[in-house]
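Chains A and B, in that order, give the protein sequences.
Under this note's numbering, read the first sequence as residues 785 to 1017, first letter to last.
Under this note's numbering, read the second sequence as residues 785 to 1017, first letter to last.
Where is the CB? At the ideal position from N, CA and C, for every residue including glycine.
Since the structure is predicted, the reported quantities are computational estimates derived from the model, not experimental observations.
There are 2 protein chains.
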Amino acid sequence: MKKEKKYTYDYERPALATDTVIFGFDGAQVKVLLTQREREPFKNKWALPGGFVFMEETTEQAAKRLLQEKAGLRNVYIEQLYTFSEVDRDPRERIVAVAYYALVNAHQYEVSAGRDTLKTEWFGLSELPKLAFDHARIIRVAIERLKGKVSYQPVGFELLNEKFTLPQLQTLYEAILEMPIDKRNFRKKILSTGLLFPLEEKEKNVAHKAARYYSFDKRMYKELTKKGFHFEL
Amino acid sequence: MKKEKKYTYDYERPALATDTVIFGFDGAQVKVLLTQREREPFKNKWALPGGFVFMEETTEQAAKRLLQEKAGLRNVYIEQLYTFSEVDRDPRERIVAVAYYALVNAHQYEVSAGRDTLKTEWFGLSELPKLAFDHARIIRVAIERLKGKVSYQPVGFELLNEKFTLPQLQTLYEAILEMPIDKRNFRKKILSTGLLFPLEEKEKNVAHKAARYYSFDKRMYKELTKKGFHFEL
DNA sequence: AACAAAAGTGTATTTTTTACACTAAGAATG
DNA sequence: CATTCTTAGTGTAAAAAATACACTTTTGTT
């Protein structure tokens, strides 16, 4: 990019950053991935992975880049959440943050986490530590968004393995919505969408009846969506 | 604000702007308020009212300020829409836009519009002119959002007078959702929310049976919302 | 007085949602 | 190898919500 200052306007500019709320699911709880800050301000406090947006990338590209840099995550489902622009949200200077939320398979992730140098950790939604900046607020907004989204978009599948059982899926929905769901009604409804495919395979080494695995056809879902289909739970 | 350059980082920064999609309703059609650009780029093209964000204001404050400056609008219902950050969305330089959408009473507005110096005009959604920048896309996103929002939040009332008839309200919903709605079922449902209050007053000077006016109690709605109530159409 | 035009009203049918309890399968135990 | 433990898996009836649908009323105009 050119370094000449032939700006359209020459007001001082806020810095532009992204922060991402990374959701995961450990089979029982919805969790958020946080990184511990190495320097001031908020040294040693936990924070959302984020950073500044470069001139030659969109905010979404920045969020994805930073997810990889800070948490070793690639190819994750990511969606814009909200832009936070309170004047004093960063004590150093004016920073406007375009927040994103990501849904990742926590199991898959734990493998590649070792590579990264920063300290990162999963926290259950009810066990969040004190957070830096306005990140607690960002997480609250993200949880609300996730709750709303889950019932009219099949986002839940991003949080599970490619093969999953219906009890797993139900537990996930219960965790996100924070309410119990009737087993029979849940199955009826989720199967009636026609988006879940039963596999031959079943669970192994469980001390009870083994549950059947299912898979979700993302490609077919996208096709159907184009044709006006609407998922709804 | 200080002018010293003690920045946390010294990358070049994108400029930060807001653009607002202003929705109105003329009794038959949903419309968008556009301003004609006075200078390059896109001179004489129509565009969303917008402008740069100052250092001492949030993006929402900026959007509201610009609504007043560019269209003479005060106290409007405004909500964040999405942040657009394509690198080349402005031919001059990198500008990231936090877009908002506003719902205004178009009748009320037409009175105060005269004061403003800029040329502004309402356009029906199906008669939009060629637009500057990526503003056509922003409007598309805003329409989608409005469609989604209308059925689980009583936003429609922002577009009408304080007193309105049920046929007016129905026409508005039909215009937003772009589908016909059954009169009896619509009345049943909207009245069952308990948020509409019949007034004594009726229409005058209409060449047919006069419709009763109703009002919507915004205050009560907010109260109920806090107590867990959920509007739904 | 007759007409035109839109407001206002109720019911029956269909669809969707909800509530609910037992049998089946697999591993662990004695 | 029989018993026990634990969770998977299944159907139906009742209640609630959504839908389809046609005539009477009111007001101004001719």
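| Item | Value |
| --- | --- |
| In whole angstroms, what is the alpha-carbon distance linking A:Y893 and A:F868? | 28 Å |
| So is A:P875 in contact with chain B if we call contact Cβ pairs under 8 Å? | no |
| Residues of the segment 835-859 of chain A with a CB closer than 8 Å to any CB of chain B: list them in chain order, please. | F836, V837, F838, M839, E840, E841, T842, T843 and E844 |
| For the beta strand (DSSP E) that contains B:T1009, what are its first and last residues? | No beta strand (DSSP E) holds B:T1009; the alpha helix (DSSP H) holding it covers K1002 to K1010. |
| Would you mind stating whether B:K854 and B:L915 have Cβ atoms separated by less than 8 Å? | no |
| For chain B, find out if any of its Cβ atoms is closer than 8 Å to the Cβ of A:Y884; answer yes or no. | no |
| Give the interface partners of A:L800 over in chain B, defined as CB-CB distance under 8 Å, in chain order. | R797, P798, L800 and V880 |
| Could you tell me whether any Cβ in chain A is nearer than 8 Å to the Cβ of B:F1015? | no |
| Contact between the segment 990-1005 of chain B and the segment 938-947 of chain B: three or more CB pairs below 8 Å? | yes |
| Taking C-alpha atoms, which residue in A:F807, A:G908 and A:T955 lies nearest to A:E863? | A:F807 |
| Going by C-alpha to C-alpha distance, which of A:G978, A:Q937 and A:L832 sits closest to A:I922? | A:L832 |
| Closer than 7 Å between beta carbons: that is the criterion. Which residues of the segment 804-815 of chain A meet it against chain B? | none |
| Using DSSP bridges, identify the partner residues of A:L864. | A small fix is needed here, since residue 864 of chain A is Gln in this sequence, not Leu. Answer by DSSP bridge pairing, in chain order: A:Y884. |
| In the segment 835-863 of chain B, which residue ranges form an unbroken alpha helix (DSSP H) of at least 4 residues, counting only runs that do not cross its ends? | 843-855 |
| Do B:T804 and B:A920 come within 8 Å of each other at the CB atom, strictly closer than that value? | no |
| I'd like to know if the segment 1005-1016 of chain A and the segment 813-820 of chain B are in contact, where contact means that at least 3 CB-CB pairs between them fall below 8 Å. | no |
| Should the segment 827-843 of chain B be called in touch with the segment 931-943 of chain B, which here means at least 3 C-beta pairs below 8 Å? | no |
| For B:G898, I'd like the list of residues in its chain whose CB is within less than 6 Å of its CB, leaving aside the five on either flank, ordered along the chain. | Any reading at B:G898 must be qualified, since the residue scores a pLDDT of 46, below 50, and its modelled position is unreliable; the value itself is stated next. If we look at B:G898 and ignore the five residues flanking it on each side, it has no Cβ neighbours. |
| Identify the continuous beta strand (DSSP E) that holds A:P982 and give its terminal residues. | L980 to K986 |
| What does the alpha-carbon distance come out to for the pair B:L980 and A:T955? | 39 Å |
| Got a sec, what are the start and stop residues for the beta strand (DSSP E) B:F970 sits in? | Counting along the chain, B:F970 falls outside any beta strand (DSSP E), though it belongs to the alpha helix (DSSP H) covering K967 to S976. |
| Flag this pair as yes or no: are the beta carbons of A:F836 and A:L865 separated by less than 8 Å? | no |
| Under the rule that 16 or more other beta-carbon atoms within 10 Å means buried, what is A:P913, buried or exposed? | exposed |
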